[in-house]
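Trainee:
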Amino acid sequence: MSLNQMFIQRSKVPQSELDLRLKRFYGYTDIYYPSWETAVIFSKVNLYYFTGTMQDGMLLIRKGSEPVLWVRRSIERALDESSFPCIKHMSSFRDAALNFEHKEDIIHTETENVPLAHWQRFRKHFPCRDAGSLDKQISLTRAVKSEYELSIMKDAGKKHARVLEELVPGILREGMSEAEFAAELYKVMVKEGHQGVIRFAMYDTEVVMGHMCFGESSIYPSYFDGPGGLYGMSAAVPVFASRERKLKKGDLVYVDVAFGSEGYHTDKTMTYVFGGKLPEDAVKIHKQCVEIQDRTAEMLKPGEIPENIYKKSMDGLDAGFIRNFMGFGERQAKFLGHGIGLHVDEWPVIAKGFKDPLQEGMVFALEPKKGIENIGMVGIENTFIVTPEGGQCITGGNKGLIQV
94 MSLNQMFIQR SKVPQSELDL RLKRFYGYTD IYYPSWETAV IFSKVNLYYF TGTMQDGMLL
154 IRKGSEPVLW VRRSIERALD ESSFPCIKHM SSFRDAALNF EHKEDIIHTE TENVPLAHWQ
214 RFRKHFPCRD AGSLDKQISL TRAVKSEYEL SIMKDAGKKH ARVLEELVPG ILREGMSEAE
274 FAAELYKVMV KEGHQGVIRF AMYDTEVVMG HMCFGESSIY PSYFDGPGGL YGMSAAVPVF
334 ASRERKLKKG DLVYVDVAFG SEGYHTDKTM TYVFGGKLPE DAVKIHKQCV EIQDRTAEML
394 KPGEIPENIY KKSMDGLDAG FIRNFMGFGE RQAKFLGHGI GLHVDEWPVI AKGFKDPLQE
454 GMVFALEPKK GIENIGMVGI ENTFIVTPEG GQCITGGNKG LIQV
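Read in order, the letters of the sequence shown correspond to residues 94 to 497 in my numbering.
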């Protein structure tokens with residue numbers, strides 16, 4: 094069997110889409126580093142974004158020259174699934190360096206996620222004095238989604254809504270553990286079109302699907318920088334559901350999971366009440382979180398400033414409500430929403446310090462939530478596209494606390 098016969102034909106990211114992304118990247122890099130000469134991209138998610146394939150290699154970009162995707166493994170797969178115009182094989186950085194004629198003072202790269210040892214191996218063959226950061230330029234480039242990207246995310250959001258709003262109630266049963274629920278939910282999500290993995294940009298962050306918790310488990314301390322928590326499997330695996338916590342009547346069920354499709358994600362949180370009722374105070378708090386989401390979404394318009402949106406949304410909240418809002422106890426997230434795309438956590442963030450105006454086509458997950466002692470985390474999360482009319486929700490309209 095030939096290699097051509099072995100390959101499965103998949104749809105490619107159009108070359109016009111890749112050209113547009115590089116053009117925008119050049120524009121932002123020229124603004125921040127007018128004298129830049131060379132940029133190199135190593136991380137697999139960014140390689141996919143700029144080239145349409147995810148391989149072991151690097152994208153070498155030189156001002157005034159055709160960018161080259163150098164692939165260590167697998168060149169065959171890269172050529173099969175990518176429409177990028179220039180793809181070459183290398184056994185090591187040495188091969189690519191044979192085409193590199195000038196010593197650079199600074200080479201720009203992804204300083205947030207390139208290991209020092211990897212950079213040193215590269216620098217051995219591409220000598221330079223220092224590394225310049227490309228992180229903001231790449232984040233700016235990726236922040237505004239094209240119609241091609243939005244179509245993928247809208248499809249993911251539709252499937253996400255179906256799973257959490259329609260299918261989860263049929264999975265829940267008394268006595269099942271969080272881990273059993275998570276395993277069954279994973280199977281359902283993959284069947285409905287989930288890609289099987291989700292990706293975060295935060296350094297050294299492991300997440301399987303998200304948080305799937307019963308009752309007070311959703312407010313248990315966690316290193317994850319978000320409002321919810323979870324017991325986890327063990328001290329060694331704190332990011333997955335627990336085998337010990339079993340579902341019982343009257344429990345609040347908290348499901349905060351991302352849905353991935355063709356690399357892109359939507360983020361959604363839905364809550365359920367299993368076989369009973371919550372106290373009226375808890376229901377009231379939940380409804381207030383939903384109102385905060387809706388008010389914040391109305392402000393997701395081009396030209397709005399993220400930190401102003403955050404301030405307007407937070408200013409009307411009284412001190413009693415703010416206690417345990419966006420977390421529980423001393424653990425409170427300092428944001429109301431985050432950009433989302435090829436990573437669940439993207440730039441920008443609805444938080445203090447983010448001053449660049451929103452642009453049409455940016456996508457945010459808004460997640461106002463509040464922890465309640467002995468009950469768990471109430472609130473909601475949905476994914477919204479920035480439009481001139483405000484945030485367009487693409488992950489369904491159910492307000493949560495679904496009775497099961």
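Every residue gets a Cβ at the ideal spot worked out from N, C-alpha and C, and that includes glycine.
Please return the same chain residues whose Cβ sits closer than 8 Å to the Cβ of Leu265, not counting the five positions on each side in sequence.
Mentor: Only Phe274, Leu340, Val346, Tyr365, Phe367 and Val497 meet the Cβ criterion.
Trainee: What would DSSP say about Ala224, mapped onto helix, strand or coil?
Mentor: Secondary structure at Ala224: strand, using DSSP grouped into helix, strand and coil.
Trainee: In the DSSP assignment, what residue or residues form a beta bridge with Lys439?
Mentor: The sequence shown places Glu at residue 439, rather than the Lys named in the question. Bridge partners of Glu439 according to DSSP: Gly432.
Trainee: Run the CB neighbour count on Asp408, radius 10 Å, all protein chains shown included, and call it buried at 16 or more, exposed below.
Mentor: exposed
Trainee: Should Glu498 be labelled buried (16 or more other beta-carbon atoms within 10 Å of its own) or exposed?
Mentor: No statement about residue 498 is possible, as the shown extent of the chain runs from 94 to 497 and does not include it.
Trainee: Relative to the alpha-carbon of Ser232, which residue among Val207, Tyr121, Thr298 and Met302 has its alpha-carbon at the smallest distance?
Mentor: Looking at the Cα atoms, Tyr121 is the closest of the given residues.
Trainee: In its own chain, which residues sit with a C-beta less than 6 Å from the C-beta of Ala294, not counting the 5 before and 5 after it?
Mentor: His436 and Asp438
Trainee: Would you identify the three-state DSSP class for Ala294, choosing helix, strand or coil?
Mentor: coil
Trainee: I'd like to know if the stretch 458-466 and the stretch 411-419 are in contact, where contact means that at least 3 CB-CB pairs between them fall below 8 Å.
Mentor: yes
Trainee: Going by C-alpha to C-alpha distance, which of Ser176, Ser109, Ala328 and Asn475 sits closest to Tyr316?
Mentor: Ala328
Trainee: Counting along the chain, where does the beta strand (DSSP E) carrying Thr204 start and finish?
Mentor: No residue range can be given for Thr204, since it is assigned to no beta strand (DSSP E) and is classified by DSSP as neither H nor E.
Trainee: State whether the stretch 288-304 contacts the stretch 391-399, with contact taken as three or more CB pairs (one from each stretch) at a distance under 8 Å.
Mentor: no
Trainee: Does the distance between the C-beta of Tyr119 and the nearest non-hydrogen atom of the ligand COA fall short of 7 Å?
Mentor: Ligands in the displayed structure: none, and consequently the ligand COA is not present.
Trainee: Alpha carbon to alpha carbon, how far is Ile495 from Leu257? Give it in angstroms, no decimals.
Mentor: Cα atoms of Leu257 and Ile495: separation of roughly 10 Å, rounded to the nearest angstrom.
Trainee: Quick check on this structure: which residue in Pro314, Pro320, Ile478 and Gly319 has the alpha carbon closest to the alpha carbon of Glu391?
Mentor: Ile478
Trainee: Select from Phe352, Asp349 and Ile443 the residue whose C-alpha is nearest the C-alpha of Ile385.
Mentor: Ile443
Trainee: How many Å lie between Met305 and Pro450 at the Cα?
Mentor: For the pair Met305 and Pro450, the Cα-to-Cα distance works out to about 34 Å.
Trainee: Can you tell me whether Ile124 is buried or exposed, with buried defined as 16 or more other CB within 10 angstroms of its CB?
Mentor: exposed
Trainee: In whole angstroms, give me the CA-to-CA distance for Glu197 and Arg155.
Mentor: Straight-line Cα distance between these residues: approximately 11 Å.
Trainee: Helix, strand or coil: which one does DSSP assign to Met392?
Mentor: Looking at Met392 - three-state DSSP - the assignment turns out to be coil, as it is neither helix nor strand.
Trainee: Are the beta-carbon atoms belonging to Gly268 and Met470 less than 8 Å from one another?
Mentor: no
Trainee: Taking the alpha-carbon positions, what's the Phe135 to Ile433 distance?
Mentor: 21 Å
Trainee: Give the DSSP bridge partners of Ser354, in chain order.
Mentor: The partner list for Ser354 (beta bridge, DSSP) reads Tyr357.
Trainee: Where do the ends of the beta strand (DSSP E) carrying Asp149 lie?
Mentor: Asp149 to Arg155
Trainee: For Leu498, count neighbouring Cβ atoms within 10 angstroms of its own Cβ and tell me buried if that reaches 16, exposed if not.
Mentor: No answer is possible for residue 498: the residues shown for the chain start at 94 and end at 497.
Trainee: Could you check what DSSP says for Cys179 in three-state terms: helix, strand or coil?
Mentor: coil
Trainee: Which of the three DSSP states, helix, strand or coil, is assigned to Trp163?
Mentor: strand
Trainee: Roughly how many angstroms lie between the CA atoms of Tyr296 and Ser226, to the nearest whole one?
Mentor: For the pair Tyr296 and Ser226, the Cα-to-Cα distance works out to about 16 Å.
Trainee: Helix, strand or coil for Met302, going by three-state DSSP, please let me know.
Mentor: coil
Trainee: If you run the structure through DSSP and keep just helix, strand and coil, what is Lys116?
Mentor: helix
Trainee: When you compare each of Pro481, Gly483 and Asn475 to Asn491 by their alpha carbons, which one comes out closest?
Mentor: When each option's Cα is compared against that of Asn491, the closest is Asn475.
Trainee: I need the boundaries of the beta strand (DSSP E) containing Gly464, first residue and last residue.
Mentor: Lys462 to Ile465
Trainee: Pick from Phe333, Tyr313, Met326 and Met282: whose alpha carbon is nearest that of Val301?
Mentor: Phe333
Trainee: On the criterion of 16 or more Cβ atoms from any shown chain inside 10 Å, does Tyr241 qualify as buried, or is it exposed?
Mentor: exposed
Trainee: Considering only their Cβ atoms, is the gap separating Asp228 from Lys204 smaller than 8 Å?
Mentor: Per the sequence shown, the amino acid found at residue 204 is Thr instead of Lys. Taking 8 Å as the Cβ cut-off, Thr204 and Asp228 qualify as a contacting pair.
Trainee: Where DSSP assigns a beta bridge to Thr476, which residues make up the other side?
Mentor: Ala458
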